[in-house]
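Q: Here you go, one structure.
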Amino acid sequence: MHHLGSWVSALADGQLGAAEAERALAHVAACPTCADQLAAARQARRTLSVVADAEPAPDLTARLLALAGEPAPGHPDAARRGQRPAGAARRVPVVPLGSSAYSMPARALTGELGARRSPRVRLAAGSLAGLGVVAASLFLLGAQPVVVPDSEPAQALTTLGGASAPGGTSATAWAPELATRLAASTSSPSAMTSDAAVLAWMRDAGWSSPVGLPDGYAVTGARLVGADREVLELDLEGPHGVIVLTEQAGELDVEALAGAAELTVGDRTVFVLSRQPWHAVWQAGDTVVSVVADGQTDAATELVADFPAAEYDDGLPARLTRGWDTVTGALARP
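Counted from 1, the sequence shown has number 188 at position 188 by full-length UniProt numbering; the numbering is strictly sequential.
Right, here's the structure in full:
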């Protein structure tokens with residue numbers, strides 16, 4: 001035996017057996033180091049044994065109870081607070097097995113100091129992240145192009161020359177979806193073309209639609225033109241000649257129309273690009289509407305006034321709605 005080590009404390013407290021105590025004392029007699037340690041341990045125990053207990057201040061208990069919101073001993077409410085129903089056990093804070101109020105998380109030794117999320121919290125976080133991705137996608141899909149109309153009179157004349165004649169049965173005069181709707185109730189689109197049905201189809205397809213048509217005018221054609229069928233063309237025939245109305249989804253580039261004459265019709269500002277033929281363009285909600293006529297007649301002005309007045313909305317709700325319409329429209333296509 002080199003040194004007693006932890007046996008010094010056990011020997012001083014009398015916790016060793018007779019044989020072990022005899023061996024330890026024999027070693028202490030021959031080892032000055034262990035003898036000094038044993039003497040120091042015994043002296044410490046004698047000192048502690050004569051130290052008097054520290055008495056707390058008389059009002060310490062009352063002050064501690066006041067901090068906890070409990071009545072002090074002797075207070076009338078103390079007896080009532082201390083009573084528990086018969087058979088009720090004293091509630092003792094339970095510390096989970098293997099841990100304590102002062103222990104570190106079990107994952108701290110592996111470097112995982114953050115609190116582990118519950119499956120429900122992870123599911124909620126994942127759902128929110130998924131919704132964020134969907135919302136961002138819809139926001140991007142809801143962006144509309146900037147529309148710069150052609151202000152050349154030659155283009156307006158070409159538009160007038162390509163209008164459908166009254167009673168036309170050509171497949172190019174009618175959008176396939178509209179032709180199918182009209183054919184469902186009539187033998188052919190030209191047999192009984194209902195202006196109200198055409199305007200209803202425009203609204204259902206997401207286009208801006210007038211509340212009615214000028215007196216004496218009727219629809220002679222309605223079709224989608226352009227490389228991606230992104231432009232709606234509506235041909236009208238009436239007492240004052242032909243009127244061609246076109247619509248395109250997007251925001252009118254007002255800066256590109258600098259210098260164009262402005263005309264106020266109702267609650268909207270119309271930009272007049274040419275007067276012969278008369279070509280006017282304006283913003284109607286999410287679409288840019290253009291009207292081309294032989295001249296500025298009362299019928300042409302009335303048609304402009306029949307459109308609902310609405311500014312272009314590029315806010316978050318509007319863009320999300322347009323994005324959703326784009327998705328549902330794509331899914332609805334065969």
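Every residue gets a Cβ at the ideal spot worked out from N, C-alpha and C, and that includes glycine.
1. Restricting to Cα atoms, I'd like to know which of D215, H3, I243, T321 is closest to A293.
2. Within the continuous beta strand (DSSP E) that includes T264, where are the two ends?
3. Any idea what DSSP makes of H27, helix, strand or coil?
4. Alpha carbon to alpha carbon, how far is G259 from Q276?
5. Should the segment 233-249 be called in touch with the segment 263-275, which here means at least 3 C-beta pairs below 8 Å?
6. Restricting to runs no shorter than 4 residues, where is the alpha helix (DSSP H) found entirely within the segment 181-241?
7. I believe L303 touches V291 by the beta-carbon criterion, under 8 Å. Please report the beta-carbon distance rounded to the nearest angstrom.
8. Below 9 Å between beta carbons: does that hold for A284 and F271?
9. Beta-carbon within less than 6 Å of L199's beta-carbon, same chain only, minus the 5 sequence neighbours each way: which residues are those?
10. Just the Cα atoms here: how many angstroms apart are V289 and A256?
11. Considering only the beta carbon of each residue, do L236 and W201 sit closer than 9 Å?
12. Rounded to the nearest angstrom, how far is the Cβ of C34 from that of V8, given a contact under 8 Å?
13. Which residues does DSSP list as the beta-bridge partners of V291?
14. Is DSSP giving V147 helix, strand or coil here?
15. If R223 and W174 are in contact, beta carbons under 8 Å, what's the gap, nearest whole angstrom?
16. If you follow the beta strand (DSSP E) that L157 is part of, which residue opens it and which one closes it?
17. Taking just the CA atoms, how far does E152 sit from P176?
18. Does G233 pass the burial test, meaning 16 or more other C-beta atoms within 10 Å, or should it be called exposed?
19. Quick check: the Cα distance between A18 and R45, rounded to an integer number of angstroms?
20. Return the residue from the list A12, T159, D36 that minimises the CA-CA distance to R42.
21. Please say whether D306 and G212 have beta carbons closer to each other than 9 Å?
22. If you reduce the DSSP assignment to three classes, tell me which class S6 lands in.
23. Beta-carbon separation of S164 and G221 under 9 Å?
24. For V28, does the count of other Cβ atoms within 10 angstroms reach 16, so buried, or fall short, so exposed?
25. Short check: CB of A218 to CB of D253, under 9 Å?
26. DSSP on E20, reduced to helix/strand/coil?
27. What would DSSP say about L109, mapped onto helix, strand or coil?
A: The answer reads as follows:
1. Here residue 293 refers to the residue found at position 293 when the sequence shown is read from its first residue. Residue I243 is the option with its Cα nearest to A293.
2. Residue 264 sits at position 264 when you count from the first residue of the sequence shown. Segment 261-265, the beta strand (DSSP E) holding T264.
3. Residue numbering aside, residue 27 sits at position 27 when the sequence shown is read from its first letter. Correct three-state label for H27: helix.
4. The count along the sequence shown starts at 1 and reaches residue 259 at position 259. The count along the sequence shown starts at 1 and reaches residue 276 at position 276. Cα-Cα distance, rounded: 17 Å.
5. no
6. 195-204
7. Here residue 303 corresponds to residue number 303 of the sequence shown, with the count starting at 1. Here residue 291 corresponds to residue number 291 of the sequence shown, with the count starting at 1. Right, the Cβ-Cβ distance comes to about 6 Å (below 8 Å), so this counts as a contact.
8. Position 284 of the sequence shown holds residue 284. Position 271 of the sequence shown holds residue 271. It is not a contact, given that the beta carbons lie outside the stated cut-off.
9. Numbered from 1 along the sequence shown, position 199 holds the residue referred to as residue 199. Closer than 6 Å at Cβ, skipping near neighbours: S209.
10. Translated into the one-based positions of the sequence shown, residue 289 becomes position 289. Translated into the one-based positions of the sequence shown, residue 256 becomes position 256. Straight-line Cα distance between these residues: approximately 16 Å.
11. Stepping through the sequence shown from its first residue, residue 236 is reached at position 236. Stepping through the sequence shown from its first residue, residue 201 is reached at position 201. No; because the gap between Cβ atoms is not below 9 Å, this pair is not in contact.
12. Position 34 of the sequence shown, counted from the first residue, corresponds to residue 34. Position 8 of the sequence shown, counted from the first residue, corresponds to residue 8. With 8 Å as the limit, C34 and V8 qualify as a contact, their Cβ atoms being about 7 Å apart.
13. By 1-based counting over the sequence shown, the position of residue 291 is 291. In the DSSP output, where bridge partners are listed per residue, V291 has L245, A280.
14. The residue you call residue 147 lines up with position 147 of the sequence shown. In the structure shown, V147 sits in a strand (DSSP, three-state: E or B).
15. The residue given as residue 223 occupies position 223 in the sequence shown. The residue given as residue 174 occupies position 174 in the sequence shown. With a Cβ gap of about 6 Å, R223 and W174 count as contacting.
16. Against the sequence shown, residue 157 aligns to sequence position 157. Unbroken run through L157 is the alpha helix (DSSP H), 153-161; no beta strand (DSSP E).
17. Counting from one through the sequence shown, the residue named residue 176 turns up at place 176. Counting from one through the sequence shown, the residue named residue 152 turns up at place 152. Each residue's Cα considered, the two are about 30 Å apart.
18. As a working note, residue 233 is residue 233 in the sequence shown. Note that residue 233 is Glu in the sequence shown, not Gly. Around the Cβ of E233, a 10 Å sphere holds 16 or more other Cβ atoms; the residue is buried.
19. Counted from its first residue, the sequence shown places residue 18 at position 18. Counted from its first residue, the sequence shown places residue 45 at position 45. About 21 Å.
20. Here residue 42 refers to the residue found at position 42 when the sequence shown is read from its first residue. R42 has its Cα closest to that of A12, out of A12, T159, D36.
21. Walking along the sequence shown from the start, residue 212 turns up at place 212. Walking along the sequence shown from the start, residue 306 turns up at place 306. Against a cut-off of 9 Å, the Cβ pair of D306 and G212 comes out as a contact.
22. As a first step, residue 6 is located in the sequence shown; it is residue number 6 there, counting from the start. Of the three classes helix, strand and coil, the one that applies to S6 here is coil, per DSSP.
23. Mapped onto the sequence shown, residue 164 falls at position 164. Mapped onto the sequence shown, residue 221 falls at position 221. Yes; because the gap between Cβ atoms is below 9 Å, this pair is in contact.
24. If you number the sequence shown from 1, residue 28 lands on position 28. Classification for V28: buried.
25. The sequence position of residue 218 within the sequence shown is 218, counting from 1. The sequence position of residue 253 within the sequence shown is 253, counting from 1. Taking 9 Å as the Cβ cut-off, A218 and D253 do not qualify as a contacting pair.
26. Mapped onto the sequence shown, residue 20 falls at position 20. The three-state secondary structure of E20, taken from DSSP, is helix.
27. Numbered from its first residue, the sequence shown carries residue 109 at position 109. Because L109 sits at a pLDDT of 48, beneath the cut-off of 50, its placement in the model cannot be relied upon, and the point is left open.
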